[in-house]
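Number of protein chains: 4
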Amino acid sequence: MEKMSTEKRSEILDAAIKLFSEKGFERTTVDEIASKANVGKGTIYLYFENKEHIFLTIIEEGMSQLRRFFQQMSKEENFLSLLRELIFSYLKFAEDNREIYRLFLKERLAMRLFDEDTLGRRFMEMHHELHQFMTEFMQRGMDEGALRPADPGYLGMALNGIISHTVFYWLFTNEQQPLTGLTDALYRLFLTGAANDFNLNISGGVRDVS
Amino acid sequence: MEKMSTEKRSEILDAAIKLFSEKGFERTTVDEIASKANVGKGTIYLYFENKEHIFLTIIEEGMSQLRRFFQQMSKEENFLSLLRELIFSYLKFAEDNREIYRLFLKERLAMRLFDEDTLGRRFMEMHHELHQFMTEFMQRGMDEGALRPADPGYLGMALNGIISHTVFYWLFTNEQQPLTGLTDALYRLFLTGAANDFNLNISGGVRDVS
Amino acid sequence: MEKMSTEKRSEILDAAIKLFSEKGFERTTVDEIASKANVGKGTIYLYFENKEHIFLTIIEEGMSQLRRFFQQMSKEENFLSLLRELIFSYLKFAEDNREIYRLFLKERLAMRLFDEDTLGRRFMEMHHELHQFMTEFMQRGMDEGALRPADPGYLGMALNGIISHTVFYWLFTNEQQPLTGLTDALYRLFLTGAANDFNLNISGGVRDVS
Amino acid sequence: MEKMSTEKRSEILDAAIKLFSEKGFERTTVDEIASKANVGKGTIYLYFENKEHIFLTIIEEGMSQLRRFFQQMSKEENFLSLLRELIFSYLKFAEDNREIYRLFLKERLAMRLFDEDTLGRRFMEMHHELHQFMTEFMQRGMDEGALRPADPGYLGMALNGIISHTVFYWLFTNEQQPLTGLTDALYRLFLTGAANDFNLNISGGVRDVS
DNA sequence: GATGAATGAGCTTTCATTCAT
DNA sequence: CATGAATGAAAGCTCATTCAT
Chain E
-12 MEKMSTEKRS EILDAAIKLF SEKGFERTTV DEIASKANVG KGTIYLYFEN
38 KEHIFLTIIE EGMSQLRRFF QQMSKEENFL SLLRELIFSY LKFAEDNREI
88 YRLFLKERLA MRLFDEDTLG RRFMEMHHEL HQFMTEFMQR GMDEGALRPA
138 DPGYLGMALN GIISHTVFYW LFTNEQQPLT GLTDALYRLF LTGAANDFNL
188 NISGGVRDVS
Chain S
-12 MEKMSTEKRS EILDAAIKLF SEKGFERTTV DEIASKANVG KGTIYLYFEN
38 KEHIFLTIIE EGMSQLRRFF QQMSKEENFL SLLRELIFSY LKFAEDNREI
88 YRLFLKERLA MRLFDEDTLG RRFMEMHHEL HQFMTEFMQR GMDEGALRPA
138 DPGYLGMALN GIISHTVFYW LFTNEQQPLT GLTDALYRLF LTGAANDFNL
188 NISGGVRDVS
Chain R
-12 MEKMSTEKRS EILDAAIKLF SEKGFERTTV DEIASKANVG KGTIYLYFEN
38 KEHIFLTIIE EGMSQLRRFF QQMSKEENFL SLLRELIFSY LKFAEDNREI
88 YRLFLKERLA MRLFDEDTLG RRFMEMHHEL HQFMTEFMQR GMDEGALRPA
138 DPGYLGMALN GIISHTVFYW LFTNEQQPLT GLTDALYRLF LTGAANDFNL
188 NISGGVRDVS
Chain L
-12 MEKMSTEKRS EILDAAIKLF SEKGFERTTV DEIASKANVG KGTIYLYFEN
38 KEHIFLTIIE EGMSQLRRFF QQMSKEENFL SLLRELIFSY LKFAEDNREI
88 YRLFLKERLA MRLFDEDTLG RRFMEMHHEL HQFMTEFMQR GMDEGALRPA
138 DPGYLGMALN GIISHTVFYW LFTNEQQPLT GLTDALYRLF LTGAANDFNL
188 NISGGVRDVS
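Chains as they are written, first to last, in my numbering: chain E, -12 to 197; chain S, -12 to 197; chain R, -12 to 197; chain L, -12 to 197.
Dropping the structure here:
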């Protein structure tokens, strides 16, 4: 009858993910989490140091899951294949972890300047890690000659922006179609842009990011 | 006499913008705003109904400023010129209103599911308005043949994503170079993508968003 | 154009009487008084030390008016005539000063244990004075043989109770008939009771207050 | 377990009764209640929705106690016996519930015009209920021929006034003698009045309340 | 004298955290 | 292990009072 402790832990996490992603970290009370997880309020403090650590745990576990996704991308392939896989993995992650991803989006910026406390610092580190990964990936694309020379930081951000805003739109229009179905569209958009072919010469005069 | 009250009002707003954009709405206390604005706590309630209305005022004033930016774009020009102008205006706004823009980014998602209260509703309306504008703009681009056929909602989001993440990167790396200097780079990226020209035929098989 | 200071003073008092009697002392704000009196908030502090003193002034002025009413009762007459006059004066006062009387009723007990501050002490003194007057009057009635021997304090209270509750009923049923029209009824009730005559012998066994 | 919570609840109520009856509802702070009840401030909000509900609870519980007192009066007896019992019950209640009764007296009028909120409305309903009871009782006395014809509303008020002012006097002179010892005196006073017998013909000319 | 903008002490209420059971 | 009653620090907000104009 008694649930195993691991079960309780993940019930707490599930409840917290839902509530945090719906109402935000601040507006969610520990009482609500306990009640949604069908657990006593005190029990939460057996599994987590405090409310912030519940949040941190969610983020860390989500992050390592995302990391695993990325690491599964085989190393030998050429850049363009990897890029498509990256986009696919990203979308797949968001599709499989709607709530966690929504949580990522929502709290992404809310933590800045809390560099003193552990929570804010870890959260920032994670974002930095993601950005680092993107930047290096873009650099590799340029090195391989697949991408035009440009600031890889901005380019990584731009890809990140395209993908995450697409997910954002998908999340809040609650599209039923699978998010991963957009992989190729985003892949093509990032590589070749939105313009019709005959426009390409028109924009010929545009300079690269210096 | 009248002057003084306007002064206090904007001092309060300035302090609130800074604090909200740094720490978020929830984590900022009225005491902090008062203290940063060099104003008594009670004074704040002379100028604003409550804490939420300070936030609302900031957002609304910022929004109408952004709206004015967009409206200044001349109506007669062709789509591509307007697109460049749109990107420029967006970047200019973010450059001129760093704090407000940061606030926009930070609280964008934190308000969802608070559709009941005025604050959340107004905030959502504004985002919707912005998105609506983007979508219609993309539709026009397609109608004029400047853009490849695609879901204009996703396309608007993608442009929005490219720009806002670029601003994000700029904001938190605190680049000294003017943000508007990135106009052409983003313009080109959105239209022609990141790929080197010789890759274009490689990605030929990619299908459009259906 | 400028009102004479005495006028302002009484406008403030009038506004305060209305508000205090409607909402009670605590629930009435100085802002409300100022606004109802068409006077600046600061002006109130030119005429009164603080909010409590407005209240005190109202009570004191009402009290001295009541005192004057009582003093007008001619001294030579016999007790029973004076009693009728007392009841009449009391009712007349309440009729002419509805609001002030309501204020009396409302705040009568709210002040106890505030013996330290001036306001509570003065208020209590006034009640004591009224009670003292009643007690002495009852004593005189007994001395003259008009009243049965009894504790004059209780008897004074009883008369006070009969009258004030009658006024209470009248105030809140908003009777249009003049309150003073009840003089004789109360006079008779106090002297001969509510019983039908044939009941008198039934209650013969009742002992007096010892 | 259950016992403890009931204990805390009544400790809070006891503290609140004392403080409200001494200082009034408005002037009593939640901190004071908590401190007098030897309870944390937050604990109060475990047992009561807010400060108003503490008050409301006290009044309702007191009222239902008073109601029970009245209901214990046997129904078969004649009016005069019941009248004596009513007076006795009233005095007994006040004697046994000094503080609650004092609270009744103090806040009786302070709530008027707050008919909108629950607190004021409930309080007014209770007073109305008591008055209704008195009025019907007086009517019955007249129907049975025990009382002289008169407006039963005023008559009920008068009896109420006699009793409550007597309790008032007793409360604030802190008499040690039992309040119920005054039953017969009040009974006689209400029925036969305060006059010496030989005065009765003098007051013969007095008209009844029409 | 007259004003009302400015103030901050003090209020009610919330909620993360503790700890006895 | 599990609980939820108990707590008090901290929040948003009110309003009597002051004072520069």
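All C-beta atoms in this analysis are idealised placements derived from N, C-alpha and C, irrespective of residue type, glycine included. Since the model is a prediction, treat every value here as computed from it, not as a measurement.
Straight-line Cα distance separating residue j from residue i
i                 : j                 : result
Asn183 (chain L)  : Glu(-2) (chain R) : 48 Å
Gly11 (chain E)   : Leu158 (chain L)  : 56 Å
Pro139 (chain L)  : Glu72 (chain L)   : 19 Å
Lys(-5) (chain E) : Val26 (chain E)   : 8 Å
Ser8 (chain R)    : Leu67 (chain R)   : 33 Å
His118 (chain R)  : Gly143 (chain R)  : 7 Å
Phe80 (chain R)   : Gln52 (chain L)   : 37 Å
Gln163 (chain R)  : Phe155 (chain R)  : 14 Å
Arg99 (chain L)   : Thr160 (chain R)  : Below a pLDDT of 50, predicted positions are generally treated as unreliable, and Arg99 (chain L), at 44, falls in that range; the measurement from the model is reported next regardless. Answer to the nearest angstrom: the Cα atoms are 13 Å apart.
Lys23 (chain L)   : Tyr32 (chain L)   : 15 Å
Ile4 (chain R)    : Glu19 (chain E)   : 49 Å
Met121 (chain E)  : Arg54 (chain E)   : 12 Å
Phe75 (chain R)   : Glu39 (chain S)   : 58 Å
Gly128 (chain R)  : Met60 (chain R)   : 15 Å
Phe56 (chain S)   : Leu173 (chain S)  : 18 Å
Met125 (chain S)  : Gly29 (chain E)   : 53 Å
Glu123 (chain R)  : Asp171 (chain R)  : 22 Å
Leu6 (chain E)    : Glu36 (chain L)   : 25 Å
Met50 (chain R)   : Thr167 (chain R)  : 19 Å
Asn65 (chain L)   : Asp83 (chain L)   : 26 Å
Met202 (chain S)  : Leu0 (chain S)    : With chain S covering -12 to 197 only, the question about residue 202 (chain S) has no answer from this structure.
Ala21 (chain E)   : Tyr34 (chain L)   : 20 Å
Ala133 (chain E)  : Glu116 (chain S)  : 37 Å
Leu218 (chain R)  : Leu92 (chain L)   : Outside the shown range of chain R, which is -12 to 197, sits residue 218 (chain R), and nothing can be said about it.
Bounding residues of the alpha helix (DSSP H) (the contiguous stretch that carries residue i)
i                : result
Thr170 (chain L) : 170 to 179
Arg55 (chain E)  : 38 to 58
Asn147 (chain R) : 139 to 160
Phe75 (chain L)  : 66 to 83
Thr30 (chain S)  : 28 to 34
Ala21 (chain R)  : 17 to 23
Cross-chain neighbours of residue i in chain E, by beta carbon under 9 Å
i                : result
Thr153 (chain S) : Tyr141, Met144, Ala145, Gly148
Supposed close pair residue i, residue j - CB separation, criterion 8 Å
i                : j                : result
Leu78 (chain L)  : Leu178 (chain L) : The Cβ separation is near 16 Å, so there is no contact.
Leu176 (chain S) : Ala2 (chain E)   : Not confirmed; about 41 Å, so no contact.
Arg14 (chain R)  : Ala181 (chain L) : Arg14 (chain R) to Ala181 (chain L), Cβ: 39 Å. No contact.
Chain L residues whose Cβ lies nearer than 7 Å to that of residue i
i                : result
Phe57 (chain R)  : Going along chain L, no residue has its Cβ under 7 Å from Phe57 (chain R), so there is no contact; the nearest lies around 18 Å.
Asp177 (chain R) : One detail in the question is off: residue 177 (chain R) reads as Phe in this sequence, not Asp. Within 7 Å Cβ-Cβ: Gly180, Ala181.
Interface partners of residue i on chain R, CB under 8 Å
i                : result
Leu43 (chain L)  : Simply none; closest approach about 17 Å.
Leu117 (chain L) : The premise fails here: Leu117 (chain L) is roughly 12 Å from chain R at the closest Cβ pair, so nothing lies under 8 Å.
Listed by chain order, chain R residues near residue i by CB distance under 7 Å
i                : result
Leu134 (chain L) : Ala181, Ala182, Asn183
Contact set between residue i and chain E, taken where Cβ atoms lie within less than 7 Å
i                : result
Tyr156 (chain S) : Gly140, Tyr141, Met144
Neighbour list for residue i in chain R, Cβ cutoff strictly below 9 Å
i                : result
Arg127 (chain L) : Those within 9 Å of Arg127 (chain L) in chain R number zero; the least Cβ separation is about 13 Å.
Arg85 (chain L)  : Under the 9 Å cutoff, chain R gives no residues; its nearest Cβ is about 13 Å from Arg85 (chain L).
Glu39 (chain L)  : Per Cβ cutoff of 9 Å: no residues; Glu39 (chain L) is ~13 Å from chain R at best.
Residue i: contacting residues in chain L (beta-carbon distance under 9 Å)
i               : result
Glu72 (chain R) : What Glu72 (chain R) touches in chain L: nothing, since even the nearest Cβ is about 14 Å away.
Amino acids of chain E, ordered along the chain, whose beta-carbon sits closer than 8 Å to that of residue i
i                : result
Phe120 (chain S) : Going along chain E, no residue has its Cβ under 8 Å from Phe120 (chain S), so there is no contact; the nearest lies around 15 Å.
Check: For the 8 Å Cβ check, are there 3 or more pairs between the segment 38 to 46 of chain L and the segment 41 to 52 of chain R?
Finding: no
Notebook entry, point to check: Do the segment 145 to 159 of chain L and the segment 76 to 93 of chain L make contact, defined as three or more Cβ pairs closer than 8 Å?
Noted result: yes
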